[in-house]
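Protein chains in written order, with this note's numbering: chain H, 22 to 161; chain G, 22 to 161; chain W, 22 to 161. For glycine and all other residues, C-beta sits at the position ideal for the given N, C-alpha and C. The structure appears below as C-alpha cells.
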Amino acid sequence: MKTVIAIIVMSLALIVGSQVSFAGETAGYKAVIQVSDNDPAKWNLALNNARNAQQELGKENVQLEIIAYGPGINMLKLESEVGGRLAEAKDNGVVIVACGNTMKGQKLAPGDMHPAAKIVPAGVVEIIKRQKEGYAYIRP
Amino acid sequence: MKTVIAIIVMSLALIVGSQVSFAGETAGYKAVIQVSDNDPAKWNLALNNARNAQQELGKENVQLEIIAYGPGINMLKLESEVGGRLAEAKDNGVVIVACGNTMKGQKLAPGDMHPAAKIVPAGVVEIIKRQKEGYAYIRP
Amino acid sequence: MKTVIAIIVMSLALIVGSQVSFAGETAGYKAVIQVSDNDPAKWNLALNNARNAQQELGKENVQLEIIAYGPGINMLKLESEVGGRLAEAKDNGVVIVACGNTMKGQKLAPGDMHPAAKIVPAGVVEIIKRQKEGYAYIRP
Numbered sequence: 022m023k024t025v026i027a028i029i030v031m032s033l034a035l036i037v038g039s040q041v042s043f044a045g046e047t048a049g050y051k052a053v054i055q056v057s058d059n060d061p062a063k064w065n066l067a068l069n070n071a072r073n074a075q076q077e078l079g080k081e082n083v084q085l086e087i088i089a090y091g092p093g094i095n096m097l098k099l100e101s102e103v104g105g106r107l108a109e110a111k112d113n114g115v116v117i118v119a120c121g122n123t124m125k126g127q128k129l130a131p132g133d134m135h136p137a138a139k140i141v142p143a144g145v146v147e148i149i150k151r152q153k154e155g156y157a158y159i160r161p
Numbered sequence: 022m023k024t025v026i027a028i029i030v031m032s033l034a035l036i037v038g039s040q041v042s043f044a045g046e047t048a049g050y051k052a053v054i055q056v057s058d059n060d061p062a063k064w065n066l067a068l069n070n071a072r073n074a075q076q077e078l079g080k081e082n083v084q085l086e087i088i089a090y091g092p093g094i095n096m097l098k099l100e101s102e103v104g105g106r107l108a109e110a111k112d113n114g115v116v117i118v119a120c121g122n123t124m125k126g127q128k129l130a131p132g133d134m135h136p137a138a139k140i141v142p143a144g145v146v147e148i149i150k151r152q153k154e155g156y157a158y159i160r161p
Numbered sequence: 022m023k024t025v026i027a028i029i030v031m032s033l034a035l036i037v038g039s040q041v042s043f044a045g046e047t048a049g050y051k052a053v054i055q056v057s058d059n060d061p062a063k064w065n066l067a068l069n070n071a072r073n074a075q076q077e078l079g080k081e082n083v084q085l086e087i088i089a090y091g092p093g094i095n096m097l098k099l100e101s102e103v104g105g106r107l108a109e110a111k112d113n114g115v116v117i118v119a120c121g122n123t124m125k126g127q128k129l130a131p132g133d134m135h136p137a138a139k140i141v142p143a144g145v146v147e148i149i150k151r152q153k154e155g156y157a158y159i160r161p
C-alpha cells in the first residue's frame, strides 16, 4: 500500500514538475525573421526589427534569428551593402543564417558569404523547426 | 493516510482542471495581420482578410489585429486612402495598431494618425507577443 | 480504499497517456506556405520551399500545404505557368489550396482552376486554422 502511494506521489511530482518547467520556458521571447527578397530596404527593415525587439524587450529576453534564402541570400554575401550592420547584429547576439540550398543553386561557396552568417542545409526547414520550437515568425 | 489520498485527489483535480481550461482557451481563433509595405493594394488585401475571416468564422469567434510598421505605416496616417475602411474595421472589433518606433523615425505625432489606430511602442514586439499568445500570423 | 487508489492510478495513466500522445504528435513537421503575390518567381520559390522541405525532412515527416489567395490565385489557374510543378507537388503529397472568396471576387469557376487545387471557402481562414493546428507559416 505504502509503495503504491509512493509511486502515485512521485508520478504527481513528475507531472507537476513538467508543467512548471513548461511555464518557465515561456518566460522569454523568440522570433525568426525571414528575408527572401532581393531588396536592401527589406534587409535594413529586418535589421531594424531585430534591433527594436532587443531594445524594447532587453537583449537577454529575446532570441532572434535572421534567415535569408532565395533572392534574399544577397543580403548575406561578402560584399553585402548591410555587412556592417550584420556584424553589429551578430555582436548583439542575433543569429544570422544563410540557406545552403540557395547557395548551391547560385554556386556560392562558404567563402563567398559574410563571416557573420552561419550556413544551414535548408533555410525553409530552419524556419519550420524554429516555429515548432515556439519562435514567432516575422517577414518584414 | 486519508490526508495523503485527499492531497492526491486534489492535485489530480487541479491538473485535470488546468488541461480542461487549456482546451477551452483553444475554442476561439486569433490572428495578427502584418502590413509593412507602402502599397494600398496590400492595405486593401489586409482589410479583406480581416473581413473574410470575420464573415467565415463569425465576428465573436475571431480576434483580429492589424499591425502596420515600416513603410506600411502610411496605411494608418490621417489622410490614408483606406481611412473609411479602417473606421469600419474598428467598428467591427478589429484592433488597428501603429508602430511607435516607425512614427518616431518618420516624425509622426499621434495627431497625424487615423483615429482608429492605437499606438504601441514597437510593432515588431507586438507581433512577437501576439504570436506567443497563440495568434496566427498573416502577412498579405 | 482500494477503489479510490484504483481511480487515482487510472487517472494518472490517462494523464500520462495524454502527455505521451501529445509528445508523439510533435514528432512530425507541418507547414503552410502562403502565396498572395501575382509573381511567378514567388510561385516557383513556394514550390522550391515545399520540395526542399520534403528532401531535407523526408516526405513522410512533413505535411505541407500551399494556399493561394488574392493576387496569388493566378498560380492555381488552369493555364498557370507552373501547372506542371503543381501536379508534381500534389503527387508528392503537398496539399494545394485555392481561396473560394478570391475566386468569387474574380468570377472564377472550379473548372477555371488547375485540377491539383482543392477549393476552400476562405484562404485566410484556412491559414489561421492550420496555424492553430501547429503548422508553421512560410510566406516566400
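- Remark: three or more beta-carbon pairs, one from each stretch, lie closer than 8 Å, so the segment 78-90 of chain H and the segment 47-60 of chain H are flagged as touching.
- Going by beta carbons, Thr123/W and Gly155/W fall outside the 9 Å limit.
- Taking each of Gly114/W, Asn69/W, Ile149/W in turn and checking the Cα distance to Ala138/W, the smallest one comes out for Gly114/W.
- Asn69, Asn70, Ala71, Asn73, Ala74, Gln76, Glu77, Leu78, Val83: these are the residues of the segment 69-90 of chain G whose beta carbon lies less than 9 Å from some beta carbon of chain W, given in chain order.
- Annotation for His135/G: Leu97, Lys98, Leu99, Ser101, Gly104, Leu107 place their beta carbon closer than 7 Å to its own, counting only its chain and skipping 5 residues before and after.
- Only Pro142, Ala143, Val145, Val146, Ile148, Ile149, Gln152, Lys153, Tyr158 from the segment 141-158 of chain H bring a Cβ to less than 7 Å from some Cβ of chain W.
- Close CB contacts of Pro142/W within its chain, under the 6 Å cut and outside five residues either way in sequence, are with Gly121 (chain order).
- Of all alpha-carbon atoms in Asp60/G, Ile87/G, Asn59/G, the one lying nearest the alpha-carbon of Leu68/G is that of Ile87/G.
- Between the alpha carbons of Leu66/W and Glu77/H lies a distance of about 33 Å.
- By the neighbour-count definition (other C-beta atoms within 10 Å, threshold 16), Ala110/H is a buried residue.
- Residue burial is scored here from C-beta neighbours: Asp112/G has fewer than 16 other C-beta atoms within 10 angstroms and is therefore classed as exposed.
- Annotated three-state conformation of Glu100/W is coil, per DSSP.
- Just so you know, the alpha carbons of Gly126/W and Lys128/H end up roughly 43 Å apart.
- The continuous stretches of beta strand (DSSP E) do not include Gln127/H, and DSSP gives it neither H nor E.
- The beta-carbon separation of Val56/W and Gly93/W, rounded to 4 Å, stays under the 8 Å limit for a contact.
- Counting of Cβ neighbours within 10 angstroms places Gly144/H among the buried residues, the total reaching 16 or more.
- Ranking Lys150/G, Tyr158/G, Ile149/G, Ile148/G by CA distance to the CA of Lys150/W puts Tyr158/G first.
- Not a single CB atom of chain W sits nearer than 9 Å to the CB of Ser101/H.
- For Glu154/H, DSSP records no beta bridge to any residue.
- Among the CB atoms of chain H, none fall inside 9 Å of the CB of Pro136/W.
- Not a single C-beta of chain H is nearer than 9 Å to the C-beta of Asn95/G.
- Using beta-carbon distances, Arg106/H does not count as an interface residue toward chain G, since no partner is under 9 Å.
- Distance from the Cα of Glu147/W is smallest, within the candidate group Pro131/W, Pro61/W, Leu85/W, for Leu85/W.
- Under the DSSP assignment, Lys51/W falls in the beta strand (DSSP E) whose first and last residues are 50-56.
- Spatial neighbours of Pro161/W in its own chain (CB-CB distance under 6 Å, excluding positions within 5 residues in sequence) are listed in chain order as Lys63, Leu66, Ala67, Asn70.
- DSSP places Ala138/G inside the beta strand (DSSP E), whose first and last residues are 138-141.
- Residues of chain H with a Cβ closer than 9 Å to the Cβ of Asn122/G are, in chain order, Asn69, Asn73, Gln76, Glu77.
- Listed along chain G, the residues sitting closer than 9 Å to Leu66/H by beta-carbon distance are Ser57, Tyr90, Gly91, Pro92.
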